[in-house]
Each structure stands twice: as C-alpha cells, then as structure tokens.
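Chemist: One structure follows; several queries about it will come next.
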Amino acid sequence: MNLIRDIYQSIVRRDPLSTDKGKSELVFLNVWLHIHPAKVKKESLKFKHTFYLGFITFFLFVILVTTGIALMFYYRPYPPHAYQDMKDLQFVVFMGPFLRGMHRWAAHGMVVCVFLHMCRVFYTGSYKKPRQFNWVVGVFLLLLTLGLSFTGYLLPWDQLAFWAITVGTNIGSYAPLVGGKLREILLGGHTVGEAALLRFYVLHVAILPSFMILLTVVHFWRVRKDGGLSRPVWKLKPNKPEQLVTIGAPPQTAPLNAVAASTDKTYGLMEVVTGKPIFETITPDEEEDAVFSYPYAFFREAIALMVTVTGIMAISLFFRAPLEELANPAKTPNPAKAPWYFLGLQELVSHSALLGGVVAPTLMVLALLAIPYFDRNPSRRPSDRKWAIWLFTIFVVANLVLIVIGTFFRGPGWALVPPWVHVVAGAE
Amino acid sequence: MGRRLPQIFFGLSLLALVLIVAAVWQASTPSWKTYQRQFLQLEAQGEPNAVTKAAVLATPPQIHQVMLTGLQRVDRCTTCHLGVDDPTMKNAPEPFRYHEGLGSHIPSRFGCTICHGGQGLATDKKNAHGDVQFWETPLLTKEYIRASCGRCHKEGDVPGVPELTEGRHLFETQGCRGCHKLNGVGGSIGPDLTEEGANHRSPEWLERHFLAPNAVSAGSVMPNFHFTKDQARSLTYYMLSLTNEEMGTYYSSERLIPSIEYGRQLFVEKDCIVCHAVGGVGAKVGPDLLGVTKRHSREWLDEQLVNPELVYPGSAMPVYDLETNARKALIAFMSSATPEDAQAIMAHKGTGLAPEDAAIEAGKRNFARFGCAGCHGTELQGGLPNPNAQGGQVPSLVHLADDYTKDEVIAVIRDGRTPPLEDAKGPTPPLYMPSWKSLLSNEDIHQIVEFLWSKQQKKQDSW
Amino acid sequence: MNRRNFLSWGSAGVVTLGTGVAVSLGAVVRFLMPSVFYEPPQTFKIGTPGDFAFGMPTFLVDEKIFVFRDREKGFSVASAVCTHLGCTVAHFQSDNRFHCPCHGSVFAPDGSVIHGPAPKPLQWFEVTLARDGQLRVDKDKVVPAGYRLMV
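Protein chains in written order, with the numbering used here: chain A, -6 to 421; chain B, 13 to 475; chain C, 297 to 447.
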C-alpha cells in the first residue's frame, strides 16, 4: 500500500486538496494550467473579439498530427508504393478514407485559419508593443503552415500532387542566383521524382513539424508573457493610455536596476534582477473584470476544440479527399496548377516570372515581418489607424482576388475562362 | 450565451459521439461484405448437412487479394467474384459465376485485370470496374478483351486471336514504321507506339482513328489508309496489346523463353546467313560468327544487336526490332552454332534468288515496311492530295527514270526534301519527303531504288 | 455559468465525450489491424496430387512446408519452421531427420523433438482437396501428427 501511495505521490506532488496549499498547488504544479495565468480578463474570452482563431488553428494542428501519425502506418514514401498505399487507404484500411479526409480538410482549414488569425491580430492592433516579436513568430508559423501543406501535397503521388509540386517548385526556381540550386536541393534532382518524394516526406513528417511545435510553444509563451490574451480596445479603461498596458512595468524611461553579478560566482544567474516583472498581472482594481482561467477560459477553449474536431469529422464523413491518376511525368494536365494557396503566386508568375515569382512574395513576407516595427502608431483604435487598415485590407483583398482568379478563372493553357463556361481540354 | 456553455459542451460531445459512430459504421459496412454473405448462402445451399452449412455461413468476411509480383499488380476482384475458380458455380448468378475456358490461366496466378482491365485494388463495384474519373483503364468490353492476350503472347500466332496476327502483319506491311517507332525502330513523324496500349485510349477511339484519322484527331497528318472494318479492328487489337510492361518469366509465352531453338528460328527468320557465315559456311559480308561469343561478352553482343551503329560507327548491319529475350536467344544460338547448323539453314533456304532479284525483293519489302507506299501508293501511282505542292498531290514515281538518275533519287531519299510550292505565298504543304538517313542504311536505300527502277513505265507520249 | 449547471451538463458531456473517445480508441485498434496481408496467404494451393513424388518429402521454399506423400497413407504437410526461434529446418536424407541450422534442434520424421532447445514438435497443417482438384494447405489449421489426406 505504501508503494502505491509513493507512486501516486510521485505523480501528484501537491498537498491534499483540503489544505489551502494543496488547492493552490493544484494550479502551480500543473503545466497545462500555466498556459493561462490564474485569472484572465472577462472580455478576453469574448468570442466576437478573437473568434478563437488562434486556438482553432492550434487544434487543427493537433488533428493533423494525430491523423498524420495514423496515416504514416500505411504509407511508404517511394513512388512504386506511395500511390498503391493511397489506394489501400481508400479501399481496404479500416476508416482509411475518413482519416485521410480529416487530414486533408484539416490541412486546408489550417491554411485558412492561420491567415484569418493573422488578419484578426492585425485589425485589433494586437501586434503592437510589446508584442512585436510574437507577430514575427506568427509570420514564421504561417510560412511553416504553408510549407507543411505544400510538402504534404506531393505525398499521394497522383497527377494532382506531381504537377502541383512541379509547378510550385518551379515558381521558386526563378529566384536569382540561388533559385535553381535551391530547387535541386529541395527535389534532390532536376525533376520531381523518387528523391523528391523522400525529401518532401522527411520535411513533412519530421523537420517542419518539429519547428512548428517549437515555434508554437514560443508563440503561446509570448502571448502569456507579453500581456496575456488580447483584449478588445474598446474595453480599455479611458483613463489609461490607449495602448496595450503592461501593468506593473516600470516607466519606459526608467531602466531596470540590475544588481551586478557577484564576482565570486562562476555562473550567471538570470534571475538576479530587481524591479517588477515586465509582464502584465492583475492588479486589485481590475479584479472585478477578471475570472478564473480554470474553468472559464479552459472550458471555452474545450468547446472551441470540440467545434473544430466535430466540424472536420462531419466534413470528412461526407467528402472524400481527392485522389487522381498515378503521377505520370509524360502527361501534363492542362492546366497544371499549384496548390490553391499558391495560385495567387502562379497567377503573378504567369505575368512576370521574376517579379511575380520572387520579388512579390519576398516583399510580401518582408513587409509582414516589418509591420510591427514600422507601424509606430501606439493606438489600437481603428479610428486612429485608417492608413494601416487600408493598406492591410488592400493586401488581403489583392491576395484573395489573385487566388480566386488562379483557382476559378484559369482554364486550359492558363487562358482566362470563367468557371461557369465548360471547356473540353485539348481534344486528342 | 455564457450561461448555456455546459449545454453546448454536452451537445457537442453528443455530436462527436454520433459522428465517430457514423464513421465506424461507414467503415464497417462496405459493399463487398454483402456480396460475401450472399455467396456464403449460395455455397451453404449446396452443403448437405447442417454442421458444414453452419461452418460455411460462419466464415468471417475478409478481403481476398491475389498478389502478382510478376505482373506488378494486386487484384482484389475475387473479394466479390468468389466463384471464379469453382466449377460448381457454373450456373451461379454474377458476380459469383465460374470463369470457364481459362485453361492454364488460373486466377490465382494471373489475377483478373491483366486481361480484363479495371482497378484491381478497388473493393467496390464502381471503382473496381474502373468506371470512375481518374481511373484510366476501365473494364474492356467483350469485343476487345482478347487484345490483352498480346500483352504476354508477343510473337507468333495467338490461338483464338487471329486479329493480333493480322494486326502485326498489317503493321509491318502497311508502312506504319515509316512514321512510328516501335521498340526503337521506325520514323519519328508520328508518335512512338511502343507503349500505345498503356496510353489508355479507348478501343473505340483507336478503331475510329484507323478508319479515318482526321475524323477523330483533327489536323492529323496520318493519311487515310482506307482500312476495312476488320483491319481497323485488328490494328486496334495490336495497339491495345502494346503496353511494354515488364512481365515475370512465368508469364512469357513459350516462344519468348530465350532457348537455343528460339534463337535458331530467329536466325532463319531474320536471314542472318545472308551476311554472316558460321565457320566459313554462309556469306562473307559480315564477320564469321563461329566462336563470336568467346571473342565478345554477352553484354557487348546484346548491345550490338540493339544498335550496331553505336558499337561500330558506320556498321552496315541493320537494326532489328528484337525483344530482350529474342536477343538472348540469338546469342544462345550463336554460342552453340556450328558450320553444320549453317549448312542445314542454307539447304533449307532452297535455291534462293539471283542477287539482283534479291535486292529488288528487299527493296519492295522496305518500300512497304517504312511506309513509302503510304504516300506514293503500292503501285507508285502517287496522287495523295497535298495542297499547295506543285501538282497539288504527291508525285507518282512510275516515270522517275525519265527525269532523274539513280544517284539523284538516292540523294532525295537520304536527305528528304520539301516539295516546290504551287503558290510561293501559300501555306506550306502538309506532306513532305522526310530524310531517311537515320532510318535506312545506304544498302536499304540502294535496294529501294532498284525496286523503283524495276517498276518504271515508258511515258505514253515518248518517242 | 452557474455551478450546478456546469456540474450536471458538464459531467454529462464528459461521460458522452468519454464514450466517444473510447469508440475512437477501439477504431484506432481496428485501424491498426491489417485488412490485407502483403505476404503469402495462410491458405494456398500447392498443385495436384500427381505433382508430388512418393517417399522423400518435397520442400516448398516460399511456403516453408514439407509435403509428404505416402503410398498407403496419403498426404501430410509439415511446417519447416523450427519451434524454437523460427529458423527454417532442413530435411537430411542421410538420417531422415529435420535439422535446424540455428541452434541445432533435431526433429524426427514425425516432427517430434529428438534433441536441442526446441520446446515443441514441428507443426502439421491441414491439407484438403479443393473443388478444382488441387491440394489446399491451411496454415491456420494445425492438425495432430497422424493427420493424413487419402486421395
């Protein structure tokens, strides 16, 4: 009996819940309950403020990891087998089509949600000081999401996959000097083949997800440390400056008084500082606005999780992930299109390879990264940021319009064809 | 809203439960299970006693698959077509009926899709029969299914499929190789046909194409050969059989097993003795073949048979379209051939023709094989319309000797030429004389010219 | 969100969710169970009775079985997989015994262990005559050593 008690106490190290210490340790010693502070502000939980898009994106990623690992049991990244394995998933593996559907739709959903999440963060001005760096992390998460989706696109090894990746990687090869070599490294050859499939597989299941998890951890950590969940700007108390408040932080002018490290110590102690923490805490005068994270925040997030999972499940139950003919390097479908989220790029490339394929996307990413550092306007009120909102809206709409044109308005030979006109591609 | 959260949570949990149960139910009730239950009931009817009946009915449902590594496919057709190798199911309804007349082609060794087409990996009717988007080889209809025999039976007569023999004969005599490559030999005006059967064109399309090329593929330069319906069918069969798949040795037809005997047949068929001697018996044009397998490695000889020019630039030896196994057989024969063999082959050849006649005969064969007749006509009459070329048609060749010397004609065949235009500003005529340099040796061209000269007519108005 | 509401509906939700998770876990186990095997089938046909000689057993390499044909007693099929650690045993004509190359187990012609580390005798499989006249072996059905099929 002692042994069982010892084992239990080694897992749950808190004092009994009957004591105050035990009650507090329930939170202190639990890693999951540290995603949020003990208390969060009520208005942060408002659905209409964040639409829980960040959480939904994260939950989609969780679905992708789970279903992806399941699919790995039945997939061999080698051209003669890959397509057959997809057929096996379709025809013989128990719930194979359902799982593949979930993986596919969750992947598309994640690209959409990560983009919407970015828009929400921009429009609410939540990237402003002190959250600039977290925006940068977010941009890298967006790029990783696109990279994951793109590498996964090749794995079924059907015509759709093969030609989307052929076109997609050729867009990248227009980069001056390094473009060609970059494509060679990515594909392990000059064309999409055996080596490319293996490389994309390794990127898709090992390298990119590792970075994704790493950056997600940083992203979450920084949300908490840079001021907690975003709050609607209209809820900020009027007597406070209309910027994200870092309560308890020393005035900007006053530098922290760091205690010089003792000379007889051979190690640096990161904690040897004085002054108050730079992150936001709940001050007594805000108590009335705050609720306990558990259960209020966690419960809402659980609901967001359930909505995400059931949504993806429902879609997968009725819509199968597509699988076209076996990849055939000798037969180019007309038109050959990149994955939809790159069709805006392909549309640009069709006008100018260098400008559309290299300059525009590079500038776009650089601009996104630079936003929090160039936008020095401290206000988060939409009425104060007309210019920023206009510019960003133009950016979003331009992207959407290009993607819509590339997806629905481009027919055989990349000719402009409205979707309601049916064109028979190249009669033999 | 906030107050209802627990109810929403419960609702969502319920929805999740319903969805997962639905997904499991969807996955556990595939259509093949229904077929298997029906088949078991059919089988149980035949069982006399109740115990075996119950045992049959209790057979757990499972997917049956035939792994055919030699044919590079996996066929799951027998998951539903359960009685295919069971003679007692002769009168059973489809999909359970016994497949009669298979002979040695038992389903457990050959599967189904190699002959029938369709999607072997699929386990539901629509997908398995290939009647879906993104599957390019739906089931072949009864009319065309025998074309599949040619996938393994690549040479000689295929019993019960005269169409294949006829198709192969037409291919060699109607000049298809003039424009089309097959296994590396042929022109490059039309598409390479080595894998035509794997291009997944529908049989109906091919047949219509042979009857009227322009009608199904607009702007095709392929002339209308005025094939009969039967001929078009035969050629369609032949095209469908050209898949160039790697078949395991088990599936090679007997003629393709690289035996010495098969090598000897080829040696006779290809007339090797006309140029080569074995131990001094035979012709002296090419090297003596006695002990050739000791002088050269098998790989070297194989290379030589594939493309003599690559091994010996300027070699006079023509390129033969020989399968891997045919080349192996020839080499096997050469390693064992003796002067007596050569003697026997020579004796069988009979008296033979005089050298001049032999050249004309060879010329005639090449004239047909490489498609000269396609434009110039089997009787050299020409006359195929060729808009905006001088005369508006392909010239007749029967009065060639009046205007040209043999050397001039040889030059035209070798280098080709574009016809002079009727109207200098008009469009380029669709037909032109291609260059045959790469396809025909000087010897071949010379023989063709001899053949042409043997067919010359006196001009009516000459004096 | 009042406490009672939260506890009652919430716990009902947790129970439902738990059921859903349990069903999913079951589905995962079923998902991992292969529906088709990319290996030689357990039940297979080995040819007509006439294909086999009397006396010495015929060894089928891919199937890893010995086929015995006796003039009086008929057909029997023995596994060629050593019961110790799964190596393939060989039949020695010299002493009419099965020898395992890995750890020296020796089996008698009836499959019983003569010496060596093997814990159990070699297995015997059911052999039946299929409707098309071929012999069918079922590796899933182990029979006693005395089992014979008379043709």
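Where a beta carbon is used, it is the ideal one built from N, C-alpha and C, also for glycine.
Because the structure is a prediction, the values reported are computed rather than measured.
From the beta carbon of L94 of chain B, is the nearest beta carbon of chain C less than 8 Å away?
Modeler: no
Chemist: If we ignore side chains and look at the alpha-carbon of each, how far apart do Q77 of chain A and L133 of chain B end up?
Modeler: 8 Å
Chemist: Residues in the same chain with beta-carbon distance under 8 Å from L348 of chain A, minus the five sequence neighbours each way, listed in chain order, please.
Modeler: The residues are L341.
Chemist: If you measure beta-carbon to beta-carbon, which residues of the stretch 79 to 112 of chain A are closer than 8 Å to chain C?
Modeler: D81, V85, V86, F87, M88, G89, L92
Chemist: I want to verify the contact list: residues of chain B whose CB lies under 8 Å from the CB of R427 of chain C, in sequence order.
Modeler: Within 8 Å Cβ-Cβ: D98, P99, T100.
Chemist: Going along chain A in order, which residues have a C-beta closer than 8 Å to the C-beta of V332 of chain C?
Modeler: Within 8 Å Cβ-Cβ: D81, V85.
Chemist: List, in chain order, every chain B residue whose beta-carbon is nearer than 7 Å to that of L313 of chain C.
Modeler: S25, A28
Chemist: What in chain A is Cβ-close to F21 of chain B, meaning under 9 Å?
Modeler: When 9 Å is used as the limit between beta carbons, F21 of chain B is near these residues of chain A: F292, A295, I296, M299, in chain order.
Chemist: By the 10 Å Cβ neighbour count, where 16 or more other Cβ atoms means buried, how is F388 of chain C classified, buried or exposed?
Modeler: exposed
Chemist: Looking only at C-alpha atoms, which of B:T91, B:Q393, B:N454, B:S450 sits nearest to A371 of chain B?
Modeler: Cα-wise, what sits closest to A371 of chain B is B:N454.
Chemist: Does L31 of chain B have its Cβ less than 8 Å from a Cβ in chain A?
Modeler: At least one chain A Cβ lies under 8 Å of L31 of chain B.
Chemist: If you check the beta carbons only, do G47 of chain A and R124 of chain A fall under 8 Å apart?
Modeler: no
Chemist: What residue range does the alpha helix (DSSP H) around S25 of chain B cover?
Modeler: 17 to 40
Chemist: Check the C-beta distance from K34 of chain A over to R224 of chain A and give it rounded, since I have them as a contact under 8 Å.
Modeler: 6 Å
Chemist: Just checking my contact of E315 of chain B with V323 of chain B at CB under 8 Å: how many whole Å lie between their CB atoms?
Modeler: 6 Å
Chemist: Just how far apart, CA to CA, sit Q415 of chain C and G400 of chain C?
Modeler: In the sequence under discussion, the amino acid at residue 415 of chain C is Pro, which differs from the Gln named in the question. Between P415 of chain C and G400 of chain C, the C-alpha separation is close to 13 Å.
Chemist: Does L321 of chain C get closer than 8 Å to chain A when you measure Cβ to Cβ?
Modeler: no
Chemist: Determine the extent of the alpha helix (DSSP H) in which M101 of chain B is found, giving its start and end residues.
Modeler: Looking at the DSSP string, M101 of chain B is not in any alpha helix (DSSP H), and its letter there is neither H nor E.
Chemist: Which residues in chain A have a C-beta closer than 8 Å to the C-beta of E148 of chain B? List them in chain order.
Modeler: E318
Chemist: Does the separation of the CB atoms of F362 of chain C and F371 of chain C fall below 8 Å?
Modeler: no
Chemist: Per DSSP, what are the beta-bridge partners of T339 of chain C in this structure?
Modeler: C:D434
Chemist: For the stretch 38 to 67 of chain A, enumerate the residues whose C-beta is nearer than 8 Å to any C-beta of chain C, in chain order.
Modeler: A63, F66
Chemist: Please determine if the stretch 290 to 306 of chain B and the stretch 145 to 160 of chain B are in contact, where contact requires at least 3 C-beta pairs separated by less than 8 Å.
Modeler: Counting Cβ pairs under 8 Å, fewer than three are found: no touch.
Chemist: Counting C-beta neighbours from all protein chains within 10 Å, is the total for M423 of chain A 16 or more, i.e. buried, or is it exposed?
Modeler: Coverage of chain A is limited to positions -6 through 421, which leaves residue 423 of chain A absent and any answer about it impossible.
Chemist: Under 8 Å between beta-carbons, which chain B residues line up against G346 of chain C? List them in chain order, please.
Modeler: The contacting residues do not exist; G346 of chain C stays about 15 Å from chain B at best.
Chemist: Whole angstroms are fine: how far does the CA of H388 of chain B sit from the CA of V107 of chain B?
Modeler: Looking at the sequence itself, residue 107 of chain B is Pro, so the reference to Val does not match. Cα to Cα, the separation comes out at about 53 Å.
Chemist: Expressed to the nearest angstrom, what Euclidean distance is found between the alpha-carbon atoms of W420 of chain C and T379 of chain C?
Modeler: 12 Å
Chemist: Check the C-beta distance from G322 of chain C over to A374 of chain C and give it rounded, since I have them as a contact under 8 Å.
Modeler: Actually they do not touch by this definition, with Cβ atoms about 39 Å apart.
Chemist: When burial is assigned at 16 or more other CB atoms within 10 Å of the CB, is M329 of chain C buried or exposed?
Modeler: Looking at its Cβ environment, which holds fewer than 16 other Cβ atoms inside 10 Å, M329 of chain C is exposed.
Chemist: With three or more beta-carbon pairs closer than 8 Å as the criterion, would you say the stretch 93 to 100 of chain A touches the stretch 318 to 334 of chain A?
Modeler: no
Chemist: Checking the sheet assignment: what are the DSSP bridge partners for R365 of chain C?
Modeler: C:F371
Chemist: Taking contact to mean 3 or more Cβ pairs, one atom from each stretch, closer than 8 Å, check whether the stretch 189 to 200 of chain A and the stretch 65 to 76 of chain A are in contact.
Modeler: yes
Chemist: Around the Cβ of L24 of chain B, are there at least 16 other Cβ atoms within 10 angstroms (buried) or fewer (exposed)?
Modeler: buried
Chemist: If you follow the beta strand (DSSP E) that E422 of chain C is part of, which residue opens it and which one closes it?
Modeler: 420 to 425
Chemist: Would a check of beta-carbon distances place I75 of chain B closer than 8 Å to chain A?
Modeler: yes
Chemist: Could you tell me the alpha carbon to alpha carbon distance between V331 of chain B and S450 of chain B, rounded to whole angstroms?
Modeler: 11 Å
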